[in-house]
Amino acid sequence: MKEFFATPRHGWELTGFITACAVIFFLILFVIHLTPSSFKKRMTIVLTFVAGLYYLLEFLIPAETHIGSRVVTNPLTSFKEPLSTALMITGSLALLLGVYNLFRINGRLLMRRKTGWQNGLAFFIGFFSMLTMAMLNFYFPTGRTPEEIAKLKPLAQTFANGADQWKGWYNVLFYGGFSALGATVFSLLAFYIVSAAYRAFRVRSPEAVMLLAAAMIMMLGLTPLGTYFLTGWIQPDSALAGLKMESIAEWILTILNGAAQRALIFGIAVGLIATSLRIWLSLERGQFFDVEM
Amino acid sequence: MGNIDRRILYLIALLVMTLPLFLKLPLPIADNKRSLDAFDAIEKVDQSKGNQVILLSVNFSPDTKGESLPQARAMVVHMLQRSKKFIIYTMSSTGVAGQQMVDDEAKAIAAELTKQGKPRAYGKDWANMGYKPASSPILEGMARNVPGFFTKDSRGTPVDQLPVMDNIKTADDIGMVIDVSPTASYELWIQALTSKFDIPLLLAPTSVMVPDTYPYLISGQAQGELRGVLGAAEYESLLVKNKMADQSSVGTRVMTSMAALNAYIMILIILGNVTYFRSLRKGEVTK
Amino acid sequence: MQHASWTVGILLALLAGLILYAIFTARRGKRLFIRRIPGLNAIDEAVGRAAEMGRPMLFATGLSGLDINGLQALAVAGHVARVAARYATRLILCVADPQLYAIGEETVRDAYQRAGRPELFVPEDVRFLSDQQFAFATAASGVMFREKVSSNFFFGYYYAEALILSEAGQSIGAMQVAGTPATTQLPFFVVSCDYTIMGEEYYATTAYLTREPTLLGSVVGQDWGKIIILLLIVFSTLALSVAPNANWVKYWVNLFPAG
């Protein structure tokens, strides 16, 4: 069955395969829609259990088991990769939902001229310009020879001849616009840390003193401020080497922070096991929808 | 003084951060065990039998290039200087831009080395293997068949036409994984590849991710680390000491700004606490 | 670790068994205790503040996808929405994952229906902003400033956008409650939010808020599991300190390989 789905197809065979899959998919969806809601709930529980059981068994069964002289491999492992790919593809299809939501909200903002309608206009300009340039840059890349362009249809040739322009505009929008804006917003963190530190590091309690002391030591120990100006005079192989700022900072990171991180990791891991168990066995009670499982 | 308008705080912060970049005041960078371990780990990669390629996993977007690009650049200088073959790979769609930046840096460094009489060429010393989404099962599949996973490079060249990928068949032929990323993608490498096949792993996270990586460093699941832009500066300093670079690069220059900003923040904290205690004494605030 | 060793299998079975036992014990009516978590008590206070000021609230799920962290964030959002419906206050839910958007819309709609105020639900108040980190942070900050929100809730998995969002909220004087399992962002939330729920408290949130026997039992079962792990750590530390070269100690250590 894996080979049936994994075999590459071309031309009409591919079109027919996609059409057949789509028809079967909508047929199943239609049949499910006709069933009573109690059946749908039970089906959700069963499918959730089966899906979780697959991953649990795949993890618990060893990769190879020796039975006598035979070596038996884990039969479930071969499906893991295609399942993972299928899940990624399904997830990326959901992007259309997000785009629909953005269109709806910004469209209404623009059409009803509500306060801030300019943001809606900016969204549509940004969306369509980036989409257009990205697609043109992808389908008509630079580097094609005149002979390759001549083989294309007339309309495609027009676009192919403008490849340098599309790449230029794409670079302006992506590297000059999107990337630069992302880096700019990331750099806001530096300023926000200044205001957060000024406001928050007040010596109100013993815990606040410890927080402040640790923060100061880390700042001194991780920049030349402390490592060069404060304790740069201590030789690395001297008896006082442990008092160098970078050594103290490293001690805090390794011993104190390491222990705390491990404690948090254990707690989070056990929390994840418990939450996963509840979802897998459908033990939730109306947590997301008003449905008692 | 207690409630300075945050706009004034931000303006002073801007001046404090940018002036050192113009004044060009490089400060000496202290050695650090984690960067030293990373340096030694790359030195130890033995490619004499024609395999053991280094896998440089670059997953940063232009947002974090300020920290991640100097880290990647420093290690690329090292690998090209020592003629250690490597491939650049990204597992995230947002990492493609970062991957291209690292490839461009490698080209520039290779051109410089070629002028110095140490010829380095794309395809022979390094290759950009492009973007392939990854999860644990997909990387496990890669471990069994590396050329089956990297079928061609980012330029469309089939993998069997890339000399850098000669004799690279399975995970046993990967000499090291270097993860340059602002996310916890190193967990995926540990889970799927490096722990199972005993492949050394170097981490190059952004500064804010560093505390999270310490459990893996202490347990030996990662063999070295470049801690943000400080790690890049430390690595550049090691390159200069080992005569692989004439002068330190952007990582070291940025450290002066960082030191200045840290000093400013400490002054603000002291000022804030002085005001706070004065207000307490006056009875204006309660503890 | 791609496949479980037998020790991992036994440990997993033990933890799962303890959690399930606690769940079914709780379902049979046994009263269980959870210590007070101030941040969760503050949720009602934050909603009340918004109602008094006549301003909306913002709930952001960070960069959580359709995973345990995202679903947990939506569970909290559902609770906040129910309280908001009681007070007739507007809640704006911002998500960064389209799949989470679909579930989030249903969760909030359902919450308003259960509170008997379906007419208060506005579909445009559930927004997919962007799956890109800083675009999400910028858009959410923009929502905060334009809508002049009085309370912010940050629940989910956060990266660097945590400080951007919380400082933006600070600058408009909003009351802020944050909860995340992302250890790297906890310091930023602690300094800029009024209340922060950290680590495994995040997974206990729904149990604390709803007092459902299943969820309470799950939290108690987790604590038993952590006690088992703590005992293993103490035993292993003592064994390695007292007799590091003994064969049985080496055998014991090899039962728990790294990775």
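Protein chains in written order, with our numbering: chain A, 1 to 293; chain B, 294 to 580; chain C, 581 to 839.
Don't be surprised by glycine CBs; every beta carbon is placed ideally from N, CA and C.
- Message: Just verifying my parser: in three-state terms, what is the DSSP assignment at residue 383 (chain B)?
- Response: strand
- Task: Let me know if residue 14 (chain A) comes out buried or exposed under the rule of 16 or more other beta-carbons within 10 Å of its beta-carbon.
- Result: exposed
- Query: Based on Cα-Cα distance, which residue from B:306, B:378, B:296, B:571 lies nearest to residue 187 (chain A)?
  - Reply: B:306
- In terms of DSSP beta bridges, what is residue 498 (chain B) paired with? B:474
- Message: Contact defined as beta carbons within less than 8 Å: I believe residue 314 (chain A) pairs with residue 584 (chain C). What is the distance between those atoms, to the nearest angstrom?
- Response: This structure does not reach residue 314 (chain A), given that chain A is present from 1 up to 293, and the question cannot be answered.
- Do you know offhand how far residue 193 (chain A)'s Cα is from residue 203 (chain A)'s? 18 Å
- Taking Cβ-Cβ distances below 7 Å as the criterion, which residues of the segment 481-506 of chain B are in contact with chain A? 504, 505
- Task: Compare the C-beta of residue 719 (chain C) with all C-beta atoms of chain B and state if any pair is closer than 8 Å.
- Result: no
- Identify whether residue 562 (chain B) lies in helix, strand or coil by the three-state DSSP scheme. helix
- Simplified DSSP assignment, three categories, for residue 461 (chain B): coil
- Message: My assumption, with CB atoms under 8 Å, is that residue 464 (chain B) sits in contact with residue 505 (chain B). Please give the rounded CB distance.
- Response: Going by Cβ atoms, the distance from residue 464 (chain B) to residue 505 (chain B) rounds to 25 Å, so no, they are not a contact pair.
- Tell me the DSSP bridge mates of residue 756 (chain C)? C:732
- Item | Nearest residue (CA-CA) to residue 497 (chain B), options B:474, B:516, B:403, B:430 | B:474
- Message: Please classify residue 18 (chain A) as buried or exposed, where buried requires at least 16 other C-beta atoms within 10 Å of its C-beta.
- Response: exposed
- Query: According to a CB-to-CB cut-off of less than 7 Å, which residues of the segment 789-823 of chain C neighbour chain A?
  - Reply: 792, 794, 798, 801, 802, 805, 806, 809
- Which of the three DSSP states, helix, strand or coil, is assigned to residue 348 (chain B)? strand
- Contact check, residue 801 (chain C) vs residue 263 (chain A), beta carbons under 8 Å: no
- Message: For residue 674 (chain C), list the residues DSSP reports as bridge partners.
- Response: C:640, C:707
- Message: Can you tell me whether residue 143 (chain A) is helix, strand or coil according to DSSP?
- Response: coil
- Item | Short CB-CB distance (under 8 Å) between residue 559 (chain B) and chain C | no
- Message: I'd like to know if the segment 664-675 of chain C and the segment 636-644 of chain C are in contact, where contact means that at least 3 CB-CB pairs between them fall below 8 Å.
- Response: yes
- Query: How would you call residue 598 (chain C), buried or exposed, if buried means at least 16 neighbouring beta carbons within 10 angstroms?
  - Reply: buried
- With distances taken from CA atoms, which of B:323, B:296, B:297, B:372 is nearest residue 236 (chain A)? B:323
- Query: Over what stretch of residues does the alpha helix (DSSP H) that includes residue 782 (chain C) continue unbroken?
  - Reply: 781-790
- Task: State the DSSP-derived secondary structure class of residue 778 (chain C), mapped to helix, strand or coil.
- Result: strand
- Skipping 5 residues on each side, what residues in its chain have a beta carbon closer than 8 Å to that of residue 139 (chain A)? 159
- Task: Using a Cβ-Cβ cut-off of less than 8 Å, give me the residues of the segment 698-717 of chain C that come near chain B, in sequence order.
- Result: 712, 713, 714
- Euclidean distance between Cα positions of residue 554 (chain B) and residue 309 (chain B): 6 Å
- Message: With DSSP as the reference, identify every bridge partner of residue 445 (chain B), one or two as the case may be.
- Response: B:451
- Mapping DSSP to helix, strand and coil, what is residue 61 (chain A)? coil
- Quick one, are the C-beta atoms of residue 492 (chain B) and residue 511 (chain B) less than 8 Å apart? no
- Message: Strictly below 7 Å CB to CB, what residues from chain B border residue 584 (chain C)?
- Response: By Cβ distance, chain B contributes nothing, its closest Cβ being about 13 Å from residue 584 (chain C), past 7 Å.
- Taking the runs of the alpha helix (DSSP H) that are 4 residues or longer, which of them lie wholly in the segment 170-236 of chain A? 180-200, 206-221
- Task: Give me whichever residues DSSP pairs with residue 421 (chain B) in a beta bridge.
- Result: B:381
- Spatial neighbours of residue 298 (chain B) within its chain, please: CB distance less than 6 Å, with the 5 preceding and 5 following residues excluded, ordered by chain position. none
- Task: Could you name the residues of chain B that residue 90 (chain A) contacts, counting a contact when the two beta carbons are closer than 8 Å?
- Result: In chain order: nothing, as chain B lies at least about 13 Å away.
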